[in-house]
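Numbering (my numbering), first residue to last: 126 to 444.
Right under this line is the structure:
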């Protein structure tokens, strides 16, 4: 008989499973302090980067991460994938490969590494990244100037090195390589701009190209999403055509005990609607509203509107 996750002892490094537009139900493993990243992307759903760095070190103790994962694994909750992601760039952690290796050897769920690709120019990072079943990289610019405008990289990062690192990973990696292109109206979404990105993508040769836009509240107010029709037009500019990341369509994650800590842990890393929280915890919307009301009164979360949708975000995830 499966038991339920005991969330009374709050996890520091494990969160979810949460609904993922890419992978269904995703258990997140967070290896970095909040918003520690090599980029400061204008579209980031967690707000502005607090520590922009390319220093690789053991930001959080890998032994504690592994202990938490083991505790979660013993609970018996199901997930579609286990993802190294969270609130920063996971490849900055100097031992992320050891964490991936442990997860692969102790779980049947596929592992996914979500990376911005900035550290893949380093052979040791590519070697560790190759331990994942799936690696998802990003490319949303076509030269240094557009890279600096869209992604606001660390001063020592060079666009050509980003592309070359992702290309070399493709040569060395035996798993699935996905590449996400994040398009913003008026910034990098003109047809000629997308064609330039598509030409670079052909050199990298990912298994899938996925187009995304600002569905959730971004770091900067000028970030405007493309419509579905506009994304479909841009997708046709890739060869073969890119796919548009669909809304969450996975199964619900069962047996997760909902309480304030569990919901807050998710919202600190990913803005969600009340409906998404209801799906994650298999909980009636009325109950979700009660929890959200408590968290709002304590100023632990805030509300942001994105077109017709209302998102709830942890108050740490601010610009």
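Note that beta-carbon positions come from the ideal geometry of N, C-alpha and C, so glycine has one too. Keep in mind that this is a model prediction, so the values were computed, not measured.
Worksheet item: Excluding the five sequence neighbours on either side, which residues of its own chain have a C-beta within less than 8 Å of the C-beta of residue 289, listed in chain order?
Response: Position 164 of the chain shown, counting from 1, holds the residue named residue 289. If we look at residue 289 and ignore the five residues flanking it on each side, its Cβ neighbours are 246.
Worksheet item: If you pair each beta-carbon of the region 149-166 with each one of the region 248-260, do three or more pairs fall below 8 Å?
Response: The answer is no - the region 248-260 does not touch the region 149-166, with fewer than three Cβ pairs under 8 Å.
Fill in: Residues near residue 212 in its chain [Cβ-Cβ closer than 7 Å; skip 5 each side]
What you label residue 212 is simply residue 87 of the chain shown in a count that begins at 1. Closer than 7 Å at the Cβ level, and outside the excluded window around residue 212, lie 155, 157, 159, 160, 171 and 394.
Discussion item. Please report the distance separating the alpha-carbon of residue 379 from that of residue 315.
Written reply: Indexing the chain shown from 1 puts residue 379 at position 254. Indexing the chain shown from 1 puts residue 315 at position 190. Confidence at residue 379 is low in this model, with a pLDDT of 46, below 50, so its placement is unreliable and the value that follows should be read with caution. Distance between the alpha carbons of residue 379 and residue 315 is about 42 Å.
Worksheet item: Can you list, in chain order, the stretches of the alpha helix (DSSP H) that have 4 or more residues and sit fully within the region 265-321?
Response: For the region 265-321, the continuous alpha helix (DSSP H) assignments of 4+ residues that do not extend past its boundaries occur at 269-275 and 284-297, in sequence order.
Fill in: Same chain only: Cβ atoms within 7 Å of residue 441, ignoring 5 sequence neighbours per side
Start at 1 with the first residue of the chain shown, and residue 441 comes out as number 316. Exclusion of the five residues before and after residue 441 leaves 159 and 393 as the residues of its chain whose Cβ lies within less than 7 Å of its Cβ.
Worksheet entry | Distance between residue 311 and residue 138 (C-alpha atoms, nearest Å) | As a first step, residue 138 is located in the chain shown; it is residue number 13 there, counting from the start. As a first step, residue 311 is located in the chain shown; it is residue number 186 there, counting from the start. Residue 311 has its alpha-carbon roughly 36 Å from the corresponding atom of residue 138.
Worksheet item: Hey, residue 320 and residue 362 are a contact pair by Cβ (cut 8 Å); roughly how many whole angstroms apart?
Response: Residue 320 sits at position 195 when you count from the first residue of the chain shown. Residue 362 sits at position 237 when you count from the first residue of the chain shown. The beta carbons of residue 320 and residue 362 sit about 6 Å from each other, so the pair counts as a contact at 8 Å.
Worksheet entry | Selected residue, minimal CA-CA separation from residue 261, among 180, 334 and 384 | Working through the chain shown from its first residue, we reach residue 261 at position 136. Of 180, 334 and 384, the residue nearest in Cα terms is 334.
Worksheet item: Taking the C-alpha atoms as reference points, what is the distance between residue 436 and residue 228?
Response: Position 311 of the chain shown, counting from 1, holds the residue named residue 436. Position 103 of the chain shown, counting from 1, holds the residue named residue 228. Rounded to whole angstroms, residue 436 to residue 228 spans 31 Å at the Cα level.
Fill in: Cα-Cα separation between residue 189 and residue 438, rounded to whole angstroms
Numbered from its first residue, the chain shown carries residue 189 at position 64. Numbered from its first residue, the chain shown carries residue 438 at position 313. In this structure, the straight-line span from the alpha carbon of residue 189 to that of residue 438 is close to 26 Å.
Discussion item. Judging by CA-CA distance, which residue of 144, 180 and 266 is the nearest neighbour of residue 281?
Written reply: As a first step, residue 281 must be located in the chain shown, where it is residue number 156. Proximity to residue 281 across 144, 180 and 266 peaks at 180, based on C-alpha coordinates.
Discussion item. Assuming residue 232 and residue 198 are in contact, meaning their beta carbons sit under 8 Å apart, how far apart are those beta carbons, in whole angstroms?
Written reply: Reading the chain shown from its first residue, position 107 is the one you call residue 232. Reading the chain shown from its first residue, position 73 is the one you call residue 198. Under the criterion of beta carbons closer than 8 Å, residue 232 and residue 198 qualify as touching, at roughly 6 Å.
Worksheet entry | Three-way DSSP call (helix, strand, coil) for residue 182 in this model | As a first step, residue 182 is located in the chain shown; it is residue number 57 there, counting from the start. Residue 182: strand per DSSP, three-state reduction.
Discussion item. Using 8 Å as the threshold, is the C-beta distance between residue 389 and residue 425 below it?
Written reply: In the chain shown, residue 389 corresponds to position 264, counting from 1. In the chain shown, residue 425 corresponds to position 300, counting from 1. Yes. Within cutoff.
Discussion item. With H, G and I counted as helix, E and B as strand and the rest as coil, what does DSSP make of residue 422?
Written reply: Reading the chain shown from its first residue, position 297 is the one you call residue 422. In the structure shown, residue 422 falls within a helical segment according to DSSP collapsed to helix, strand and coil.
Discussion item. Helix, strand or coil, according to DSSP, for residue 140 in the structure here?
Written reply: Here residue 140 is taken as the residue at index 15 of the chain shown, counted from 1. If DSSP states are grouped into helix, strand and coil, residue 140 belongs with the strands.
Item to complete: Select from 368, 238, 430 and 354 the residue whose C-alpha is nearest the C-alpha of residue 294.
Response: The residue given as residue 294 occupies position 169 in the chain shown. Of the listed residues, the one whose Cα sits closest to residue 294 is 238.
Discussion item. Just to confirm my understanding: we take residue 376, look at its own chain, exclude 5 residues before and 5 after, and list those with CB closer than 6 Å. What are they?
Written reply: On the chain shown, residue 376 is found 251 positions in, with the first residue counted as 1. Note that residue 376 scores 45 on pLDDT, short of 50, meaning its location in the model is unreliable; the coordinates nonetheless yield the value given after this. Excluding positions up to five away in sequence, the list is empty.
Worksheet item: So, are the CB atoms of residue 242 and residue 263 less than 8 Å apart?
Response: If you number the chain shown from 1, residue 242 lands on position 117. If you number the chain shown from 1, residue 263 lands on position 138. Against a cut-off of 8 Å, the Cβ pair of residue 263 and residue 242 comes out as a contact.
Practice prompt. Name the two residues that bound the continuous beta strand (DSSP E) containing residue 402.
Written response: Here residue 402 refers to the residue found at position 277 when the chain shown is read from its first residue. DSSP places residue 402 in no beta strand (DSSP E) but in the uninterrupted alpha helix (DSSP H) bounded by 399-406.
Item to complete: With DSSP collapsed to three states, give me the class of residue 217.
Response: Stepping through the chain shown from its first residue, residue 217 is reached at position 92. Note: residue 217 maps to helix in three-state DSSP.
Discussion item. For the beta strand (DSSP E) containing residue 392, name the first residue and the last one.
Written reply: Taking the first residue of the chain shown as position 1, residue 392 is located at position 267. Careful: residue 392 lies outside any beta strand (DSSP E), inside the alpha helix (DSSP H) at 385-392.
Item to complete: Pull up the DSSP beta-bridge partners for residue 357, would you.
Response: Locating residue 357 in the chain shown gives position 232, counting from the first residue. Answer is none; residue 357 lacks a bridge partner.
Worksheet item: What is the C-beta distance between residue 169 and residue 343, in whole angstroms, given that I count them as a contact (C-beta under 8 Å)?
Response: Looking up residue 169 in the chain shown gives position 44. Looking up residue 343 in the chain shown gives position 218. At roughly 7 Å, the Cβ-Cβ gap stays under 8 Å, so residue 169 and residue 343 are in contact.
Worksheet item: Under three-state DSSP, which class holds residue 327?
Response: Along the chain shown, read from residue 1 onward, the residue named residue 327 stands at position 202. Residue 327 falls in the helix class under three-state DSSP.
Discussion item. Distance cutoff 8 Å, beta carbons only. Does residue 239 sit that close to anything in chain E?
Written reply: Here there is only one protein chain, and chain E is not present.
Discussion item. Please list the terminal residues of the continuous alpha helix (DSSP H) segment that includes residue 340.
Written reply: Looking up residue 340 in the chain shown gives position 215. No alpha helix (DSSP H) contains residue 340, which DSSP labels as neither H nor E.
Worksheet item: residue 324: buried (16+ other C-beta within 10 angstroms of its C-beta) or exposed?
Response: Position 199 of the chain shown, counted from the start, is the residue given in the question as residue 324. Residue 324 is exposed by the Cβ-count criterion.
Discussion item. Let me check understanding here. Comparing Cα to Cα, which of 143, 348, 193 and 301 lies closest to residue 330?
Written reply: Your numbering for residue 330 matches position 205 in the chain shown. Minimum Cα distance to residue 330 is reached at 301.
Worksheet item: In whole angstroms, what is the alpha-carbon distance linking residue 430 and residue 296?
Response: Numbered from its first residue, the chain shown carries residue 430 at position 305. Numbered from its first residue, the chain shown carries residue 296 at position 171. Computed Cα separation, rounded: 42 Å.
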